[in-house]
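Undergrad: Mature numbering (1 follows the signal peptide of the UniProt record, and there is no 0) puts the sequence shown at residues -21 to -1, 1 to 967.
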Amino acid sequence: MALMAGIIYALTSLFLGICAGLSAPRSPPANEVTLLDSRSVQGELAWVASPTEGGWEEVSIMDEKNIPIRTYQVCNVMEPSQNNWLRTHWIQRGAAQRIYIEIKFTLRDCNSLPGVIGTCKETFNLYYLESDSDNERYAHESRFSKIDTVAADESFTQVDIGDRIMKLNTEVRDVGVLSRAGFYLAFQDVGACIALVSVHVFYKKCPLAVRNLAQFPDTVTGADTSSLVEVRGSCVDHSEEQEVPKMYCGADGEWLVPIGNCLCNPGYEERIEQCQVCKVGYYRSLSSDVGCRKCPLHSYSVKEGATSCDCDKGYYRSETDPAAMPCTRPPSAPHNLISNVNETSVLLDWSPPLSSGGRQDLTYNVVCKQCVRDTQRCSPCGDDVRYSPQRLSLRSTRVSVHQLQAHTNYTFQIWAINGVSKHNPSPEQAVSVTLTTNQAAPSMVMSVQSKDITRHTLALFWDQPEKPNGVILEYEVKYYEKDQNERSYRIVKTTSRNADIKDLTPLTSYVFHVRARTAAGYGDFSAPFEFSTNTVAAPVVGGVMSSAVLLLLVAGCVVVLLLILIITFIFTKRRSKYSKTKQGEDKNVQQGVRIYVDPFTYEDPNQAIREFAKEINTSCIKIEKVIGIGEFGEVCSGRLKLPGKREICVAIKTLKAGFTEQQRLDFLSEASVIGQFDHPNIIHLEGVVTKCKPVMIITEYMENGSLDMFLRKNDGRFTVIQLVGILRGIASGMKYLSDMSYVHRDLAARNILVNSNLVCKVSDFGMSRVLEDEPEGAYTTRGGKIPIRWTAPEAITYRKFTSASDVWSYGIVMWEVMSYGERPYWDMSNQDVIKAIEEGYRLPPPMECPLALHQLMLECWMRERADRPKFSQIVNMLDKLIRNPATLKRTAGDASRSHPSTINHAPSECSAPSLASVDDWLKLIGLEQYRENFNTAGYSSIESVIPMNHEDLAKMGISCSAHQRKILSSVEDLLSGMHHRQDSKVPV
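1. Once the 5 residues before and after Asn734 are set aside, which same chain residues still bring their CB inside 6 Å of it?
2. Could you compute how far the alpha carbon of Val528 sits from the alpha carbon of Ser511?
3. Helix, strand or coil: how does DSSP classify Ser948 here?
4. Give me, in chain order, the residues of the same chain whose beta-carbon lies closer than 6 Å to that of Thr128; leave out the 5 immediate sequence neighbours on both sides.
5. State buried or exposed for Arg122, treating a residue as buried only when at least 16 other CB atoms are found within 10 Å of its CB.
6. Counting Cβ pairs closer than 8 Å, one from the region 488 to 496 and one from the region 419 to 426, do we hit at least three?
7. Have a look at Arg263 and Leu108 and give me their C-alpha separation to the nearest angstrom.
8. In angstroms, rounded to a whole number, what distance separates the CA positions of Arg308 and Asp268?
9. Touch check for the region 156 to 176 and the region 82 to 100: three-plus C-beta pairs under 8 Å?
10. Taking contact to mean 3 or more Cβ pairs, one atom from each stretch, closer than 8 Å, check whether the region 88 to 95 and the region 179 to 192 are in contact.
11. Comparing alpha-carbon positions, which option in His386, Pro237, Thr633 and Glu665 lies nearest Lys624?
12. Can you name the start and end residues of the beta strand (DSSP E) that Cys254 belongs to?
13. Which residue from Ser206, Leu737, Phe135 and Leu164 puts its Cα closest to that of Ile608?
14. Identify whether Met41 lies in helix, strand or coil by the three-state DSSP scheme.
15. With Thr50 and Lys146 assumed to form a contact (beta carbons below 8 Å), what rounded beta-carbon distance in angstroms separates them?
16. Have a look at Arg544 and Val538 and give me their C-alpha separation to the nearest angstrom.
17. Could you tell me which residues DSSP pairs with Asn477 in its beta bridges?
18. Starting from the N-terminal side, write out each stretch of the beta strand (DSSP E) that is 3 residues or longer and does not extend beyond the region 82 to 143.
19. In three-state terms, what does DSSP make of Ile816?
20. Rounded to the nearest angstrom, how far is the Cβ of Ile662 from that of Lys740, given a contact under 8 Å?
21. Assuming the contact rule is C-beta atoms closer than 8 Å, Pro444 and Gly500 should be a hit. Round their C-beta distance to whole Å, please.
22. Rounded to the nearest angstrom, what separates Ser280 and Leu265 at their Cα positions?
23. Below 8 Å CB to CB, which residues in the same chain sit around Leu947 once its five sequence neighbours on both sides are set aside?
24. From Val515 to Ser488, what distance separates their C-alpha atoms?
25. In angstroms, rounded to a whole number, what distance separates the CA positions of Gly654 and Lys779?
26. Does Ala165 come out as helix, strand or coil in the three-state DSSP assignment?
27. My understanding is that Val38 touches Arg66, with C-beta atoms under 8 Å, so please give their C-beta distance in whole angstroms.
28. For Ser405 and Ser311, what's the separation of their Cα atoms in angstroms?
29. Determine the direct distance from the alpha carbon of Tyr458 to that of Glu509, and round the result to whole angstroms.
30. At the level of alpha carbons, what is the spacing between Ile82 and Ser177?
31. Going by beta carbon distance, what residues of the same chain come within less than 8 Å of Thr770, once the five residues before and after it are set aside?
32. Grouping DSSP H, G and I as helix and E and B as strand, with all else coil, what is Arg434?
33. Ignore the nearest five residues each way along the sequence and tell me which others in Ala831's own chain have a CB closer than 7 Å to its CB.
34. Is DSSP giving His277 helix, strand or coil here?
35. Please return the same chain residues whose Cβ sits closer than 6 Å to the Cβ of Met841, not counting the five positions on each side in sequence.
36. Does Ser598 pass the burial test, meaning 16 or more other C-beta atoms within 10 Å, or should it be called exposed?
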């Protein structure tokens, strides 16, 4: 009776103490949607308790504002085998696929209650049942699925009750994937002294958000705790898409990775994720402009939302002027025009206009008119007039005009032109001058021919010059023997366009020049024309060449061509010998070992990035979707199209905004490491983007992701040879790194990537590692914590990282591959792993693992570094196994598998321990949390668990595939042990 009174006093005091510690109901965050909050219910909760008497009891208490709230309590700690159920009302699921249950409760320490040892518990169980309607009022408890066993972090004692120091526990559990319209929650008490203070059921969403002018609606998170829900945004009012806006809703209700954006329409500008109209006097012409701008000089706008400004009167814009350019005017006329006549040529020179109209595109046009003497009639000059440098769009203030007619009146106008001159053309923009050309000598005679050639005479005739520039008074013929080179020549004059040349030497070549004379003087001599006596000749320049001379030239060309071919052949032979010698030298250089260069040895780390990583223009990259989240930012997939190359799929690591310079260097250091490697089993670096934001590292895209996840998804689907092929590829990549003197330090299946052809490639090169003093004994890196279970003992104790420590890690990777992604050392803590390895424990062979492969694992896990094989030896061993598949048929199943609980045994021990009960067996394999599942299902003896299969475990509520494999594997060991003992005539 005294004990019962103490328990009643404990519960009464419990609720008095709770009142002092309660706070007002919290306002739910924007990313949570409440489905049930017991503290907000007015009146009784009226949940269903079973049994109705002596079990859960609804109690009303007061919070700190004296507002009553309803709670449930139970404290049957003296009676054994308690099974008290409390079920909520039917809760509508709404849009949720995964729900969260937050429970606030207090729990009495069993040690503070004398006389209840064996009957008092300090935990309770949480269950749920899905239903499409509220028709499960009498649902049997067996239909409920267990969520978890809930234990208190803090429990209270009798002393706490006296001091009113109540310890309120808060636990959160989640359930998914939900598929029906609603669900019930149930709480099972198995003999604890407990009070449920409040129950809050909610689901998470990404709340309405606006990013990059795109609005993203409320979005319920995905069913998986690691899933990302892609959401397409819609542009806010008065905006348009530049690139499709997308974001990803994370499982925690946070928006991630905004991609794409919208831009405000012309006439609007961005203000706090909205598009606001431009005020009067302002404009915005393009959606790519930064914001509204004030109207430029000599322009205005009279309404809101202007996309351009109108020019003031007398001011203009050209079609190519940007909207930000002030309105301008045509220029004034040039001045100080000076002309200089030289026979039939004129040099014009002038000064720029006093006003350019406010523009920088000033040019000049020349207008030439030929005028009739003593009249006002003028006509444009003909096309034969030449201008130097040009007639239109002159940049300089000088022009020469040639090939005018002699003794002719001309008028020249110089127009100043800019981009708006056509809007208001006016004679005031031009300056003019009128002049008369002088008498000019005739132009050159262009063609001279011969006829009636004899041994001593020939007759010449020619055409009149194209521009005689007056009356031709006479022609002058100059000729000489070709061999004399004009040192001795003779002159013949004639008033006609022909001449008879006499007294010539037979069989001799002569050169002839002809020129004309007017009152202004002689023109220029013609080009030389060559004729020979007693043969038909042709001019050297401008005439018709003789067949004999043509034949000589052709023969000469043939000789020169042959000489060129011979010289080219000799040079090519020598060059070929040199190239072969050079290639031999290069080959010898390539046979040398290339050594890895640590980028952190550079005084300027940016130099290492420039040296080992190629810069890629961001226009060549297209990000398509997010595939993960790293320490520095998002990891996306996309496409890369380099000039002259085909488009390829790539993985893109981005550096999140707001980074420091040190974070930038840490992020890019991985690229300066990968950029030094070139091997089919090492991840390939395509390049980096450092000159604009976001900073990116672009690597080849590995479609099947990390090796550990890939193996778990394809559990049991590969042959042993295929698995050995995977191991061989990883070993080949590590041999390459070892040959380059590079130590990876973080070799694990999670850091091996798999492409669509099932080729495995080593990745994750961006880490530097420091051992921290913490209970889990993990290495802390810039990329997160690396579990001890992959690390060699000397690296843990002495920080000795070598290729031999990588070999140890490779042995763990072998175990991961052969166990299809099982976690090494299962649920052992890191400290237990370190202790077990020091005591000689090594991982047992996975199911159906060939004995040869497990033996290789054990060699990789030798305590002394020098005793472990090199990666080159590992590659050779795996090659031998692949060539001889028969060696892989013998598995380690003949010997019992060791387990973490047997860490004091050597790996070779195979004796099976005697087990008295199912509880002992579960404790031995580290899965004692399933004791109630086995007891409830009626498995009371070791013999009863032997026939179990996957379906039996699923019905019992054991859904974790890794735990199922572990249980069934242990069952096989039990069966093998029984057969062994029977064969040895030893009773089981």
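Using N, Cα and C, we set each Cβ at its ideal position, and we do this for glycine too. The structure presented is a predicted model; accordingly, all values stated were derived computationally and were not measured.
TA: Checking against the coordinates, here is how it stands:
1. Met681 and Glu682
2. Residue placement at Val528 cannot be trusted, given a pLDDT of 47 that sits under 50; the coordinates are not used to answer.
3. helix
4. Cβ within range, chain order: Thr102 and Asn104.
5. Counting every other CB atom within 10 Å of its CB across the protein chains shown gives Arg122 a total below 16, marking it as exposed.
6. At 8 Å Cβ cutoff, the stretches touch.
7. 60 Å
8. 26 Å
9. yes
10. no
11. The shortest Cα separation from Lys624 among His386, Pro237, Thr633 and Glu665 belongs to Glu665.
12. Cys254 to Val256
13. Ser206
14. strand
15. Not a contact, Cβ separation roughly 16 Å.
16. Per the sequence shown, the amino acid found at residue 544 is Leu instead of Arg. Their backbone Cα atoms lie some 10 Å apart in a straight line.
17. Phe440
18. Listed in chain order, the complete beta strand (DSSP E) runs (minimum 3 residues) inside the region 82 to 143 are 102 to 110 and 124 to 130.
19. helix
20. 5 Å
21. Not really, about 13 Å apart at Cβ, beyond 8 Å.
22. 16 Å
23. Met927, Asn928, His929 and Leu932
24. With a pLDDT of 44 at Val515, under the threshold of 50, the predicted position of this residue should be treated as unreliable, though the coordinate-derived value follows. Taking the straight line joining both Cα atoms gives about 11 Å.
25. The alpha-carbon of Gly654 is positioned some 26 Å away from that of Lys779.
26. strand
27. Val38 to Arg66, Cβ: 17 Å. No contact.
28. 10 Å
29. 9 Å
30. 6 Å
31. These residues qualify, in order along the chain: Tyr758, Ser784, Trp787 and Ser788.
32. In this structure, Arg434 counts as coil in the three-state DSSP scheme.
33. Leu860, Thr866 and Leu867
34. coil
35. Arg847
36. exposed
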